[in-house]
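In our numbering, the protein residues as written are 572 to 831.
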C-alpha cells in the first residue's frame, strides 16, 4: 500500500529526535509538508536539514516552550503562516517522569500536566477550526503503555497520559461528524534518544545493544521497536487510507501492554 500525504500540512511537537523525528521524516517522504517543534533550535535545525536530504517537501523548524500558553499560540501561528492551514496535528512532546508517589511535588505534577496534557489541549483548540471548516483533519496523540496499565511508581506520566487517552476518545466522538479523526498511539519500548541517555546515565559501561536486549525480555516479540515502525502507523492514520478510524487507542509495543 502506497500511503501518501501529498499537499497535507503536518504539525509535530517533539519533532527533533526519536519518534517525533521519525514521524516527521515519514510524513515528508510521503509528500506532506511538515512543521517540527521542540525546545532546542540547534537540534531542530539538524533535524530539518536531515529530512530535507530525503524529501522534497516544505519542512520548517520552530523552537519554543510548549508548556507556556502564549508560546503555543506563537508557535502554531508561525507554522500556519509558513505552511497554511494545518491538516495533521501530532501531539508527541513529552518525557518519562515517574517516581514514588509521596515524593512527587506539586511542581513536578504541574510541569508534567503542562507539557503532556495542556500543550495537547491548546494545540487541538488551535487546529480544530480549520479542520472543521474544511471537513478534513487528523489528530494523533502519542501516549504510552502506562496510560492503559499504570505501573507502581508510574506517576505522574501514567496519569497525564491516561488523561490524554480520555481526551482522545471524548474529542473523537465530538468531531467525527466534521470528518476530524482523532486517535492515540501508545508507545511501549521504542529505540530513542531517551533510552540512549538512560543507558549512559547508568554508568556501568553496558553497551546500548545489551541495554536494548535486556529491555526486550519483557516484550513478547523479543525486541525493542524501531522509531520508523511507530512512524508507519502514524502515517497510515494521518492519510486518506485511515479514513474510517477514529477514537482508537492503538498499542505500538510488540505485544508488551497487558491490555488491548
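Glycine included, each C-beta is placed from N, C-alpha and C at the ideal position. Quick caveat: nothing in here was measured; it's all calculated off a predicted structure.
8 Å Cβ cutoff met for residue i and residue j
{"i": "residue 622", "j": "residue 596", "result": "yes"}
{"i": "residue 728", "j": "residue 690", "result": "no"}
{"i": "residue 723", "j": "residue 830", "result": "no"}
{"i": "residue 765", "j": "residue 667", "result": "yes"}
{"i": "residue 795", "j": "residue 787", "result": "yes"}
{"i": "residue 661", "j": "residue 708", "result": "no"}
{"i": "residue 606", "j": "residue 693", "result": "no"}
{"i": "residue 593", "j": "residue 669", "result": "no"}
CA-to-CA distance, residue j to residue i, given in whole angstroms
{"i": "residue 769", "j": "residue 782", "result": "10 Å"}
{"i": "residue 572", "j": "residue 698", "result": "28 Å"}
{"i": "residue 635", "j": "residue 610", "result": "5 Å"}
{"i": "residue 647", "j": "residue 739", "result": "20 Å"}
{"i": "residue 774", "j": "residue 767", "result": "12 Å"}
{"i": "residue 746", "j": "residue 653", "result": "26 Å"}
{"i": "residue 771", "j": "residue 718", "result": "26 Å"}
{"i": "residue 789", "j": "residue 759", "result": "10 Å"}
{"i": "residue 676", "j": "residue 631", "result": "36 Å"}
{"i": "residue 679", "j": "residue 695", "result": "24 Å"}
{"i": "residue 826", "j": "residue 681", "result": "32 Å"}
{"i": "residue 761", "j": "residue 651", "result": "30 Å"}
{"i": "residue 578", "j": "residue 590", "result": "22 Å"}
{"i": "residue 673", "j": "residue 792", "result": "35 Å"}
{"i": "residue 701", "j": "residue 580", "result": "12 Å"}
{"i": "residue 620", "j": "residue 784", "result": "31 Å"}
{"i": "residue 800", "j": "residue 703", "result": "30 Å"}
Of the residues the options, the one placed nearest residue i, counting alpha carbons only
{"i": "residue 598", "options": "576, 723 and 727", "result": "576"}
{"i": "residue 663", "options": "831, 798 and 790", "result": "798"}
{"i": "residue 655", "options": "582, 591, 670 and 695", "result": "582"}
{"i": "residue 711", "options": "789, 677, 592 and 819", "result": "819"}
{"i": "residue 748", "options": "815, 618 and 830", "result": "815"}
{"i": "residue 618", "options": "645, 628, 586 and 812", "result": "586"}
{"i": "residue 608", "options": "627, 645, 578 and 579", "result": "645"}
{"i": "residue 657", "options": "791, 793, 604 and 808", "result": "604"}
{"i": "residue 813", "options": "593, 659 and 584", "result": "659"}
{"i": "residue 706", "options": "693, 594, 811 and 628", "result": "811"}
Other residues of its chain near residue i: CB distance less than 6 Å, five sequence neighbours each side excluded
{"i": "residue 822", "result": "757 and 828"}
{"i": "residue 742", "result": "753"}
{"i": "residue 714", "result": "732, 735, 736, 755 and 757"}
{"i": "residue 824", "result": "716 and 759"}
Own chain, CB closer than 7 Å to residue i, minus 5 neighbours either side, in chain order
{"i": "residue 731", "result": "683, 684, 687 and 688"}
{"i": "residue 613", "result": "none"}
{"i": "residue 601", "result": "574, 575, 576 and 806"}
{"i": "residue 744", "result": "818"}
{"i": "residue 616", "result": "632"}
is_contact[residue i, chain C] using C-beta, thresh 8 Å
{"i": "residue 585", "result": "The question asks about chain C, but that chain is absent: this structure has only one protein chain."}
Residue i beta carbon near the ligand FMN (any heavy atom closer than 7 Å)
{"i": "residue 754", "result": "Questions concerning the ligand FMN fall outside what the structure shown contains, since it holds no ligand whatsoever."}
Other residues of its chain near residue i: CB distance less than 8 Å, five sequence neighbours each side excluded
{"i": "residue 804", "result": "756, 821 and 823"}
{"i": "residue 628", "result": "599, 602, 603, 604 and 605"}
Runs of alpha helix (DSSP H) lying entirely within the segment 712-796, each at least 4 residues, in chain order
728-746, 764-773 and 779-786
What residue ranges within the segment 622-710 form continuous alpha helix (DSSP H) runs of no fewer than 4 residues, ordered along the chain?
640-654, 677-684 and 690-705
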